[in-house]
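To start, the structure itself, in structure tokens.
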Amino acid sequence: MAVKTGYKQTEVGKIPEDWKDAQLGPHVVIKSGDSPSLQKFDSNGIPYFKVDQLNLGEKFIKESPYRVRSSKRVPKGSIIFPKRGASILLNKVRILSEDSFFDTNLMSLTVDETIDSEYLFYALKHLELWRIADTTSIPQINNKHITPLVVPLPPTKAEQEAIAEALSDADALIESLEQLIAKKRQIKQGAMQQLLTGKKRLPGFSGEWTEQSLYGKVRLQVGFPFSSAGFSESASGFRLIRNRDLKSVEQKLYYAGEYSENFIVRKGDLLVGMDGEFLLKLWDAEDSLLNQRVGRIHNGREVDRGYLYYALRKPMEKLESTISGTTVKHLSHKDVENLEIFLPQLHEQTAIAETLSDMDEEIVALEAKLSKARQLKQGMMQELLTGKTRLVAPASNG
């Protein structure tokens, strides 16, 4: 494939002609850490990091439960990442917010004046360091992997900084959405605790609540053991609902054999996993078939299905923790029908379910925005870190 005018083919792919495909060795100081047994721990010292502390930030890290008084230190702005073990595969690259040190499972890169550390942070995240690691036994990254590592390098720090700033803005949007989602989930959790116990009432409702058994008010239908001879991953026949589909939809399975109408699941039906995790789900997809190990909870006239979906979560979690099982826990008709929940009048149940459903819909909408923001950032990294899109005009040769 021809290379576009103004670009060149390099070891790291096509980049602008005025960019370098630079080996890191001449531009960084590489350091590995020391064992905790060699450290003098002191609350007034500098932060000392272990691999677990990389989880304390997505980009910059400064907080650590460990502090040491040490003559060895790595300066603020250095890049740090795992050099040994499975953590390499998780692409945990971080930037130090202050002078720090670390243990033997970590490595740092301190850049020279030609490289912006935040630009290199994004470049390394994009390259994914696990790709250069030794993986014959325990994954490892050593100096021999870093020194010859080639990264695309814009000609000026100004362009590097512009790229880093744009990606940092994308990170800030992602972080703000993550925080908002966490806050909304917390609010919803509090609302569930209040509304499902009668501690807080919605406007217009009053009267005492009673905790009632579900016996006679609900019925558990168990899924059918459809023959695997009719299974297919192609979209022919009815989709099958398996236990795993209550948590996520990674791969759909279909059934093209004979079935009874009694096992067709429709939108809005309340399902529960009967093996392992007793997960609840209001079915929100196409008409499907209720497979074995999945149950459908039929509600009577005095119980709102949406209310039941929210009210059963805590009891199901408690039930899951108390049922004994040598390998896989199993849910029975008796387990479900003997559960007790607070049960207000039907119209109040419906109002509570609608309130909590509105909160769920808001969270789902925010999660969709978050997913889109993450995809946008990935696209930005591909464009900006290869020079396909330039934020700083290249210098004129004329």
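Be aware that the sequence shown starts at 1, since it is given in UniProt numbering, and climbs by one per residue. Quick reminder that beta carbons are idealized off the backbone N, C-alpha and C, glycines included. As the structure is a prediction and not an experimental result, all values here were calculated from the model.
DSSP three-state assignment for residue i, whether helix, strand or coil
i, result
"Tyr259", "coil"
"Asp42", "strand"
"Tyr66", "coil"
"Lys50", "coil"
"Val74", "strand"
"Asp134", "strand"
"Ile341", "strand"
"Ile30", "strand"
"Ile241", "strand"
"Asn91", "coil"
"Pro315", "helix"
"Leu246", "helix"
"Lys334", "helix"
"Lys329", "coil"
"Gln251", "coil"
"Ser236", "coil"
Length of the line joining the Cα atoms of residue i and residue j
i, j, result
"Ile163", "Ser70", "35 Å"
"Tyr254", "Val328", "25 Å"
"Gly257", "Asp360", "36 Å"
"Arg242", "Leu290", "8 Å"
"Leu280", "Phe205", "27 Å"
"Gln186", "Gln378", "28 Å"
"Arg201", "Glu211", "16 Å"
"Glu302", "Leu346", "6 Å"
"Pro148", "Glu113", "19 Å"
"Met381", "Asn44", "39 Å"
"Ser236", "Ser288", "12 Å"
"Ser100", "Gly295", "54 Å"
"Gln140", "Pro155", "31 Å"
"Trp209", "Gly198", "7 Å"
"Tyr66", "Leu90", "23 Å"
"Thr350", "Lys188", "17 Å"
"Lys376", "Phe121", "Residue identity differs from the one stated: residue 376 is Leu in this sequence, not Lys. Looking at the two C-alpha atoms, the distance is approximately 18 Å."
"Gln9", "Asp21", "10 Å"
"Leu177", "Phe60", "18 Å"
"Ser78", "Thr135", "25 Å"
"Tyr7", "Glu98", "38 Å"
"Val249", "Leu240", "11 Å"
"Ser321", "Lys314", "11 Å"
"Ala353", "Lys252", "29 Å"
Residues bridged to residue i [DSSP beta-bridge criterion]
i, result
"Gly273", "Val294"
"Val265", "Ser288"
"Leu96", "Ile61"
"Ser176", "Answer is none; Ser176 lacks a bridge partner."
"Val3", "In the DSSP output, where bridge partners are listed per residue, Val3 has none listed."
"Asp21", "Pro152"
"Phe226", "According to DSSP, Phe226 bridges with nothing at all."
"Gln140", "Arg84, Asp134"
"Gln221", "Arg296"
"Lys8", "Ile15"
"Phe79", "For the sequence presented, residue 79 should be read as Ile rather than Phe. Answer is Ile95, Leu109."
"Tyr215", "Val218"
Proximity to residue i [Cα-Cα], best of the options
i, options, result
"Glu63", "Arg94, Gln251, Ile15", "Arg94"
"Asp18", "Asp112, Ser288, Gln160, Glu113", "Gln160"
"Leu24", "His126, Ile138, Pro152", "Pro152"
"Pro225", "Val218, Arg244, Met381, Phe263", "Phe263"
"Leu173", "Ala395, Glu367, Ala191", "Glu367"
"Ser108", "Glu98, Leu129, Ile80", "Ile80"
"Ala86", "Arg239, Leu106, Glu98", "Leu106"
"Gly306", "His333, Lys334, Lys267, Phe278", "Lys267"
"Ser35", "Leu167, Phe102, Val28, Asp21", "Phe102"
"Val392", "Ala2, Glu165, Ser78, Pro26", "Glu165"
"Phe278", "Leu331, Ser260, Tyr259", "Leu331"
"Glu261", "Val29, Val336, Phe238", "Phe238"
"Leu271", "Asp245, Tyr259, Glu250", "Asp245"
"Thr355", "Met192, Gln53, Ile15, Leu54", "Met192"
"Asp269", "Gly230, Ser228, Arg219, Lys92", "Arg219"
"His126", "Lys4, Leu214, Leu385, Tyr310", "Leu385"
"Asp275", "Gly216, Asp335, Lys217", "Asp335"
"Asn143", "Glu337, Tyr310, Asp358, Gly33", "Gly33"
Residue i - containing beta strand (DSSP E), residue span
i, result
"Ile15", "13 to 16"
"Thr110", "106 to 111"
"Lys281", "280 to 282"
Boundaries of the alpha helix (DSSP H) in which residue i is found, first to last residue
i, result
"Glu118", "117 to 127"
"Ser370", "One point to set straight first is that residue 370 is Leu, not Ser, in the sequence displayed. 346 to 384 is the span of the alpha helix (DSSP H), which, as asked, contains Leu370."
"Glu208", "No alpha helix (DSSP H) holds Glu208; DSSP gives it neither H nor E."
Residue i: CB within 7 Å of a non-hydrogen atom of the ligand ZN
i, result
"Lys252", "The ligand ZN is not part of the structure shown, which contains no ligands of any sort."
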